[in-house]
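What follows is a short report on a single structure.
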């Protein structure tokens, strides 16, 4: 009997070791998935001038591309909770990364602008939902270690964000048309998809309900809290600035300033390089100064740097400003999410979705608005929206910090 128990125990230990080993491989695959869909998110800005020529687009139509991506992200956030409550998250990741890969091929082969918009909507859905699914899966799978693994996941996303414009620039320099960037990436993602399917299928992934799937109800409740509302507006303004840079800066440099494509590519690469540097700098900044105070100051400084760069119209100075602003404010988005989750630690998923959803809603309007403004009043007018957004960030952060001070004073009086 003891012998049988030992055999059973030995088999159980081996089974756990196999499961643990497979889970490590799955995490490595998730790192790769985050890296690849970050590439597709940030390489678009490099390709916009060629897409404009290929489809004979005006600036309003370019703005609509960014808008439909945001609409796709909103749809994923609204309806995604219902799916993730009913089906295992790992299987959903496989399904949506497969969809994402197919969309890359679709964008590469889109025969007309309308079809391009359909595929960019699908890209927005896939990107946004994969981000939510992977974060939720890692949180559930690693319990007390979730923070470390989530940081690693988002570090790979940051690296992919930097790799996106570099990759698109390499494709352009090789003489390939813009759509080959998507097709080539689709080929790489096909290999990752096949490997991920083989690894993930044997893993038992129990679905875990984290709520009733009613995201809008949760968002409505949290937006009634003035702190969460302030943070949602802050996220919308900051991410609006970041999206505007990603979508418009290369077109502005090439068509507005009349500079070479290599200059516009370098500008976007260094902007994302600055953001990656800013995210790695954040822990050191946090040890010296409260991050909300740092961000309030740097957003104000960044707004003036942008105004000077756009008025001067000097490409070298603009590139230096883009890198500097990226480094100074690069950790804004994860920090804003952290502030929201700190307010509602027991509702961190809903707090994240509330802030992200509000940001996407405003981003949808903003992309089209900048395009229409460029068509109506020129590139300088459209670009000036960017520093205005950072001035708004400064004002919102000033209000937020005063509210935090009042709340702390009230807590002290109660004690």
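In our numbering, the protein residues as written are 9 to 423.
Using N, Cα and C, we set each Cβ at its ideal position, and we do this for glycine too.
What you are looking at is a predicted structure, and each value in this text was computed from that prediction instead of being measured.
>> When you compare the CB positions of residue 244 and residue 323, do they come within less than 8 Å of one another, or not?
In response: Translated into the one-based positions of the chain shown, residue 244 becomes position 236. Translated into the one-based positions of the chain shown, residue 323 becomes position 315. No, Cβ-Cβ distance for residue 244 and residue 323 is not below 8 Å.
> Looking at residue 394 and residue 71, is the spacing between their C-beta atoms short of 8 Å?
Replying inline: In the chain shown, the residue the question calls residue 71 occupies position 63. In the chain shown, the residue the question calls residue 394 occupies position 386. Not a contact, by the Cβ cut-off of 8 Å.
> To the nearest angstrom, how far is it from the Cα of residue 404 to the Cα of residue 242?
Replying inline: Position 396 of the chain shown, counting from 1, holds the residue named residue 404. Position 234 of the chain shown, counting from 1, holds the residue named residue 242. Residue 404 and residue 242: Cα-Cα distance of roughly 6 Å.
>> Using a Cβ distance threshold of 8 Å, determine whether the region 170–180 contacts the region 35–53, with at least three qualifying pairs required.
In response: yes
>> For residue 144 and residue 47, I'd like the C-alpha separation in whole angstroms.
In response: Position 136 of the chain shown, counting from 1, holds the residue named residue 144. Position 39 of the chain shown, counting from 1, holds the residue named residue 47. Distance between the alpha carbons of residue 144 and residue 47 is about 21 Å.
>> Let me make sure I understand the geometry here. Which of 291, 188 and 350 has the alpha-carbon closest to that of residue 118?
In response: For the purposes of this step, residue 118 is identified with residue 110 of the chain shown, where counting begins at 1. Answer by Cα proximity: 188.
> How is residue 387 classed by DSSP in three states: helix, strand or coil?
Replying inline: For this step, residue 387 is matched to residue 379 along the chain shown. If DSSP states are grouped into helix, strand and coil, residue 387 belongs with the helices.
>> For the alpha helix (DSSP H) containing residue 63, name the first residue and the last one.
In response: To locate residue 63, count along the chain shown from 1; it is residue 55. Note, residue 63: alpha helix (DSSP H), 52–63.
> Helix, strand or coil for residue 405 per DSSP?
Replying inline: By 1-based counting over the chain shown, the position of residue 405 is 397. Helix, per DSSP.
>> Which runs of the beta strand (DSSP E) at least 3 residues long sit entirely within the region 249–336? Give them in chain order.
In response: none
> Would residue 61 be called buried (16 or more neighbouring beta carbons within 10 Å of its own) or exposed?
Replying inline: Residue numbering aside, residue 61 sits at position 53 when the chain shown is read from its first letter. So residue 61 ends up on the exposed side.
> Going by other Cβ atoms of all chains shown within 10 Å of its Cβ, with 16 needed for buried, is residue 270 buried or exposed?
Replying inline: Position 262 of the chain shown, counting from 1, holds the residue named residue 270. Label assigned to residue 270: exposed.
> Can you tell me where the alpha helix (DSSP H) with residue 192 in it begins and where it stops?
Replying inline: Sequence index remark: in the chain shown, residue 192 carries index 184 (1-based). Its alpha helix (DSSP H) spans residues 187–208.
>> Can you find the residues in the same chain that come closer than 6 Å, C-beta to C-beta, to residue 35, ignoring five residues on each side of it along the sequence?
In response: For the purposes of this step, residue 35 is taken as the residue at position 27 of the chain shown. Nothing listed; no residue qualifies.
>> For residue 33 and residue 142, I'd like the C-alpha separation in whole angstroms.
In response: Taking the chain shown and counting its residues from 1, the one referred to as residue 33 is at position 25. Taking the chain shown and counting its residues from 1, the one referred to as residue 142 is at position 134. One C-alpha to the other measures close to 14 Å.
>> I'd like the span of the alpha helix (DSSP H) that includes residue 104, first residue to last.
In response: Here residue 104 refers to the residue found at position 96 when the chain shown is read from its first residue. It spans 97–117 - the alpha helix (DSSP H) in which residue 104 sits, taken as one unbroken run.
> So residue 256 packs on residue 59, CB below 8 Å; how close in whole Å?
Replying inline: To locate residue 256, count along the chain shown from 1; it is residue 248. To locate residue 59, count along the chain shown from 1; it is residue 51. So it is not a contact: roughly 13 Å between Cβ atoms.
> When the Cα atoms are used, what is the spatial distance from residue 127 to residue 181?
Replying inline: Residue numbering aside, residue 127 sits at position 119 when the chain shown is read from its first letter. Residue numbering aside, residue 181 sits at position 173 when the chain shown is read from its first letter. Rounded to the nearest angstrom, the two C-alpha atoms are 25 Å apart.
> In three-state terms, what does DSSP make of residue 171?
Replying inline: If you number the chain shown from 1, residue 171 lands on position 163. Residue state, collapsed to three classes: helix.
>> Taking the straight line between their C-alpha atoms, what separation do you get for residue 237 and residue 365?
In response: The residue given as residue 237 occupies position 229 in the chain shown. The residue given as residue 365 occupies position 357 in the chain shown. Using only the alpha carbons, I get a separation of about 12 Å.
>> Does the structure place the region 259–278 close enough to the region 335–355 that three or more beta carbon pairs sit under 8 Å?
In response: no
> Are the region 320–338 and the region 278–296 touching by the rule of at least three beta carbon pairs closer than 8 Å?
Replying inline: yes
>> Buried or exposed, going by whether 16 or more other CB atoms sit within 10 Å of the CB of residue 386?
In response: Locating residue 386 in the chain shown gives position 378, counting from the first residue. Classification of residue 386: exposed, given that the 10 Å Cβ count is below 16.
> Pick from 41, 235, 140 and 346: whose alpha carbon is nearest that of residue 84?
Replying inline: Along the chain shown, read from residue 1 onward, the residue named residue 84 stands at position 76. Out of 41, 235, 140 and 346, 140 has the C-alpha closest to the C-alpha of residue 84.
>> Could you check whether residue 279 and residue 331 sit closer than 8 Å to each other, using their CB atoms as the reference points?
In response: Here the question's residue 331 lines up with position 323 in the chain shown. Here the question's residue 279 lines up with position 271 in the chain shown. In contact: residue 331 and residue 279 (Cβ atoms closer than 8 Å).
>> Tell me which residue opens and which closes the alpha helix (DSSP H) that residue 353 is part of.
In response: Working through the chain shown from its first residue, we reach residue 353 at position 345. It is not in any alpha helix (DSSP H) - residue 353 carries neither H nor E in the DSSP assignment.
> DSSP state of residue 346, grouped into three classes?
Replying inline: Translated into the one-based positions of the chain shown, residue 346 becomes position 338. Residue 346 falls in the helix class under three-state DSSP.
> Would the beta-carbon of residue 116 fall within 8 Å of that of residue 191?
Replying inline: The residue you call residue 116 lines up with position 108 of the chain shown. The residue you call residue 191 lines up with position 183 of the chain shown. Yes.
> Shortest alpha-carbon distance to residue 193 belongs to which of 138, 235 and 111?
Replying inline: Position 185 of the chain shown holds residue 193. Nearest of 138, 235 and 111 to residue 193, Cα basis: 111.
>> Suppose you measure from the CA of residue 22 to the CA of residue 165; what does that come to, to the nearest Å?
In response: For the purposes of this step, residue 22 is identified with residue 14 of the chain shown, where counting begins at 1. For the purposes of this step, residue 165 is identified with residue 157 of the chain shown, where counting begins at 1. Only weak support exists for where residue 22 lies, its pLDDT of 40 falling under 50; the coordinates are left without a value.
> Is residue 66 helix, strand or coil when you go by DSSP?
Replying inline: Position 58 of the chain shown, counting from 1, holds the residue named residue 66. Three-state result, residue 66: coil.
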